[in-house]
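Trainee:
2 protein chains.
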Amino acid sequence: MTVPRAAKTQRRTRIQEEKEERILDAALDVFSSNGFRGATIDQIAESAGMSKPNLLYYFRTKEAIYRTLLERMLFTWLEPLRAFDAEGDPEAEIRSYIRRKLEMSRDFPRESRLFANEILRGAPHIEDELAGPLKDLVDEKAEVIRAWIKAGKLGRCDPYHLIFSIWATTQHYADFDVQVRAVLGERRAGEGRFDDAARFLELLFVRGLDIKSAKGSFG
Amino acid sequence: MTVPRAAKTQRRTRIQEEKEERILDAALDVFSSNGFRGATIDQIAESAGMSKPNLLYYFRTKEAIYRTLLERMLFTWLEPLRAFDAEGDPEAEIRSYIRRKLEMSRDFPRESRLFANEILRGAPHIEDELAGPLKDLVDEKAEVIRAWIKAGKLGRCDPYHLIFSIWATTQHYADFDVQVRAVLGERRAGEGRFDDAARFLELLFVRGLDIKSAKGSFG
DNA sequence: TGATAATTTGACCGGTTGGTAAAACATTAC
DNA sequence: GTAATGTTTTACCAACCGGTCAAATTATCA
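These protein sequence lines map, in sequence, to chains A and B.
With the numbering used here, the residue at position 116 of the first sequence is 116, and numbering never jumps.
With the numbering used here, the residue at position 55 of the second sequence is 274, and numbering never jumps.
1. Could you give the first and the last residue of the continuous alpha helix (DSSP H) run that contains G38(A)?
2. Please compile the residues from chain A whose C-beta is within a distance smaller than 9 Å of the C-beta of S252(B).
3. Quick one, are the C-beta atoms of L274(B) and L247(B) less than 8 Å apart?
4. Would R221(A) count as contacting chain B if we go by Cβ distances under 8 Å?
5. Of all the beta strand (DSSP E) runs that stay within the bounds of the stretch 396-425 of chain B, which reach a length of 3 or more residues?
6. Which residue from F250(B), G254(B), L333(B) puts its Cα closest to that of A267(B)?
7. Which residue's Cα is closest to the Cα of S165(A): A26(A), A64(A), L102(A)?
8. Of all the options R406(B), L300(B), K369(B), C376(B), which has the alpha carbon lying nearest to the alpha carbon of T389(B)?
9. Quick one: Cα of T2(A) to Cα of V399(B), how far?
10. In three-state DSSP terms, what is E306(B)?
11. DSSP three-state label for S112(A), please.
12. Let me know the secondary structure DSSP gives K372(B) once reduced to three states.
13. Can you list, in chain order, the residues of its chain with a C-beta nearer than 8 Å to that of Y379(B)? Leave out the 5 residues immediately preceding and following it.
14. Could you tell me the alpha carbon to alpha carbon distance between A176(A) and T76(A), rounded to whole angstroms?
15. If you drop the 5 nearest sequence neighbours on each side, which residues of the same chain put their C-beta closer than 7 Å to that of A39(A)?
16. Say whether chain A places a C-beta atom closer than 8 Å to the C-beta of T388(B).
17. What are the start and end residues of the alpha helix (DSSP H) that includes P159(A)?
18. Does H344(B) have its Cβ less than 8 Å from a Cβ in chain A?
19. Given 8 Å as the limit, is there contact between the stretch 196-213 of chain A and the stretch 92-110 of chain A, that is, 3 or more CB pairs closer than that?
20. The stretch 34-62 of chain A: which residues have C-beta closer than 7 Å to a C-beta of chain B, in chain order?
21. Using the C-alpha atoms, what's the distance from I65(A) back to G35(A)?
22. Consider the Cβ of L349(B): report whether some Cβ of chain A lies at a distance smaller than 8 Å.
23. Relative to the alpha-carbon of G122(A), which residue among E290(B), R329(B), L423(B), A416(B) has its alpha-carbon at the smallest distance?
24. Let me make sure I understand the geometry here. Which of P53(A), A174(A), Q43(A), R67(A) has the alpha-carbon closest to that of R113(A)?
25. If you measure from the beta carbon of Y379(B) to each beta carbon in chain A, is any gap under 8 Å?
26. Which residue wins for smallest C-alpha separation from R319(B), given the options G409(B), G307(B), A335(B), E298(B)?
27. Ignore the nearest five residues each way along the sequence and tell me which others in D196(A)'s own chain have a CB closer than 8 Å to its CB.
28. Just to confirm before moving on: does the CB-CB distance between L201(A) and I98(A) stay below 8 Å?
29. Leaving out five residues before and five after I44(A) in sequence, what residues of the same chain have Cβ atoms less than 6 Å from its Cβ?
30. Nearest chain B C-beta to V180(A) closer than 8 Å, yes or no?
31. Which word fits P124(A), buried or exposed, when buried means at least 16 other C-beta atoms lie within 10 angstroms of its C-beta?
32. Tell me whether L209(A) sits in a helix, a strand or coil according to DSSP, three-state version.
33. Can you check whether the CB of V178(A) is closer than 8 Å to the CB of F84(A)?
34. Output needed for E63(A): all residues of its chain with C-beta closer than 8 Å, excluding positions within five of it in sequence on either side, in chain order.
35. Since A116(A) meets chain B, which of its residues come closer than 9 Å, beta carbon to beta carbon?
36. At a Cβ threshold of 8 Å, is S165(A) touching chain B?
Quick look at the structure:
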């Protein structure tokens with residue numbers, strides 16, 4: 001029998017681990033730039049340097065690849081928000097949250113686009129994830145922000161929309177990259193635009209939220 | 220001969236106009252929620268209440284429908300930015316720009332998602348539009364903002380990233396609607412979230428940009 | 001080395017999809 | 001009414017696509 005077909009009980013051979021990684025990387029490329037429906041197994045297989053049946057030996061279906069990718073991505077996507085610390089200084093926390101999210105857009109644009117794609121389509125694969133773990137986490141952090149407001153460390157504002165606006169502005173640089181590049185033109189072609197964005201966004205939020213820093217302004 | 224096939228010379232029959240409109244509306248539904256590749260002609264045809272060959276009598280290809288939709292959408296999408304007035308009061312202009320964009324997210328979410336989809340895919344159909352007309356318009360408005368800054372009406376900041384951040388935050392409510400709803404839960408289920416968003420965003424930007432209003436604070 | 005299990009390949013299949021051909025049907029113009 | 005033009009339908013096709021199968025090949029290990 002040749003049943004195992006990747007991860008039946010646990011990770012088996014070194015070759016399995018290696019190939020699966022190559023497939024996932026190729027799939028991330030293809031899915032993030034073509035969407036689930038727009039991606040073909042042949043494309044992924046070719047990009048991973050193997051034949052379609054060979055790829056299907058490691059992942060039984062296209063869906064299986066996609067789901068694996070989504071799972072991994074969701075975890076890292078939430079990492080920065082998890083790091084948001086109630087004990088920390090509001091200004092420092094918000095600044096570093098913005099910076100972290102911006103770094104993710106710079107370093108993992110494919111993951112960001114994969115996520116954007118899924119959400120655009122109505123999140124058919126992760127609706128439970130959104131209404132469950134994500135909502136809980138956001139609720140928790142919103143409470144932190146609300147406490148800061150009550151303590152007078154922050155101007156009054158809706159913490160949910162605050163979080164949304166940080167997500168939106170930072171992910172924009174990954175998801176709408178083509179547009180950003182087209183508009184900026186040759187000016188600041190390289191990674192410089194991420195530094196500019198960080199500067200602008202930190203200023204916008206720190207000032208806009210009327211944050212009273214414990215240790216005064218950094219700048 | 221039955222050659223005309225929709226708009227050979229000019230708009231001909233009333234029936235043509237009517238059917239084309241129905242097709243475009245159905246196509247907007249289908250394209251915006253499934254992407255170009257994910258949409259099928261059959262789906263569009265069914266949603267428009269006609270047979271596939273009948274639909275193809277009005278638009279020769281799937282591409283043709285998509286292009287028509289994109290063209291229309293781009294025009295209205297840029298409308299709010301065009302309305303941005305150099306002569307106006309900075310605070311009023313930025314407030315109304317935010318409000319207008321937010322209204323577009325509320326009233327035309329399908330168009331917003333169609334656009335987001337196209338950009339996510341690398342804007343294959345509208346790259347010229349982005350690097351040409353869009354860039355020119357943004358350059359022009361960035362100059363306006365820069366002038367306001369020079370005149371001391373606005374704190375120093377990068378006008379391009381300012382525009383990006385308004386785009387991002389406002390379109391977020393259309394493009395990431397599922398996520399927004401999931402996180403907000405039953406709380407503020409209806410259209411109320413747009414009012415909350417408007418309140419938050421206007422506050423964030425007016426304060427964050429350190430705008431010195433001619434007529435003092437509105438609130 | 002040989003047996004056993006893991007991996008890879010080529011050939012194939014059924015369903016879907018974008019699009020066509022041609023004839024039937026409806027509408028309008030005279 | 002009838003001829004010309006505009007519209008709709010039925011039947012169809014070729015390419016693509018997700019996935020299977022069985023045989024061939026390679027790696028592992030006693």
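Glycine included, each C-beta is placed from N, C-alpha and C at the ideal position.
Mentor: The structure says:
1. That run of the alpha helix (DSSP H) goes 14-38.
2. From the beta-carbon of S252(B), the residues of chain A found nearer than 9 Å are L120, R121, G122.
3. Not in contact: L274(B) and L247(B) (Cβ atoms no closer than 8 Å).
4. Residue numbering for chain A in the displayed model covers 1 to 219; residue 221(A) lies beyond these limits and cannot be assessed.
5. As summarised for the stretch 396-425 of chain B, there are no continuous beta strand (DSSP E) elements at least 3 residues long confined to that stretch.
6. With distances taken between Cα atoms, A267(B) lies closest to F250(B).
7. For S165(A), the nearest C-alpha among the options comes from L102(A).
8. For T389(B), the closest alpha carbon among the candidates R406(B), L300(B), K369(B), C376(B) is that of L300(B).
9. Only weak support exists for where T2(A) lies, its pLDDT of 46 falling under 50; the coordinates are left without a value.
10. In the three-state reduction of the DSSP assignment, E306(B) falls in the coil class.
11. The answer is helix: DSSP assigns S112(A) an H, G or I state.
12. Of the three classes helix, strand and coil, the one that applies to K372(B) here is coil, per DSSP.
13. Closer than 8 Å at the Cβ level, and outside the excluded window around Y379(B), lie V357, A361.
14. One detail in the question is off: residue 176(A) reads as Phe in this sequence, not Ala. Between F176(A) and T76(A), the C-alpha separation is close to 20 Å.
15. Closer than 7 Å at the Cβ level, and outside the excluded window around A39(A), lie V30, F31.
16. Yes, T388(B) counts as interfacial toward chain A.
17. Run containing P159(A): 159-175, per the alpha helix (DSSP H) assignment.
18. No, because no Cβ of chain A sits closer than 8 Å to the Cβ of H344(B).
19. Three or more Cβ pairs closer than 8 Å define a contact, and the stretch 196-213 of chain A meets that threshold against the stretch 92-110 of chain A.
20. Correct list: N34, G35, R37, G38.
21. When rounded, the distance between both Cα atoms is 13 Å.
22. Using a CB distance cut-off of 8 Å, L349(B) counts as an interface residue toward chain A.
23. Ranking the options by Cα distance to G122(A), first place goes to R329(B).
24. Among P53(A), A174(A), Q43(A), R67(A), the Cα nearest to that of R113(A) is on A174(A).
25. Answer yes: the Cβ-Cβ gap between Y379(B) and chain A drops below 8 Å somewhere.
26. Across the set G409(B), G307(B), A335(B), E298(B), the C-alpha of E298(B) shows the shortest separation from the C-alpha of R319(B).
27. In chain order, R188 place their CB closer than 8 Å to the CB of D196(A), counting only its own chain and leaving out the 5 sequence neighbours on each side.
28. For L201(A) and I98(A), yes; Cβs fall inside 8 Å.
29. Hits under 6 Å: A26, A27, V30.
30. By this cut-off, V180(A) is an interface position.
31. By the neighbour-count criterion, in which 16 or more other beta carbons inside 10 Å mark a residue as buried, P124(A) falls on the exposed side.
32. Here L209(A) carries a coil assignment [DSSP, helix/strand/coil].
33. No, the pair does not count as a contact, with Cβ atoms beyond the cut-off.
34. Taken in chain order, the list of residues that qualify is empty.
35. In chain order, A335, L339, D394, F395 make up the part of chain B whose C-beta sits under 9 Å from the C-beta of A116(A).
36. At a cut-off of 8 Å between C-beta atoms, S165(A) counts as an interface residue with respect to chain B.
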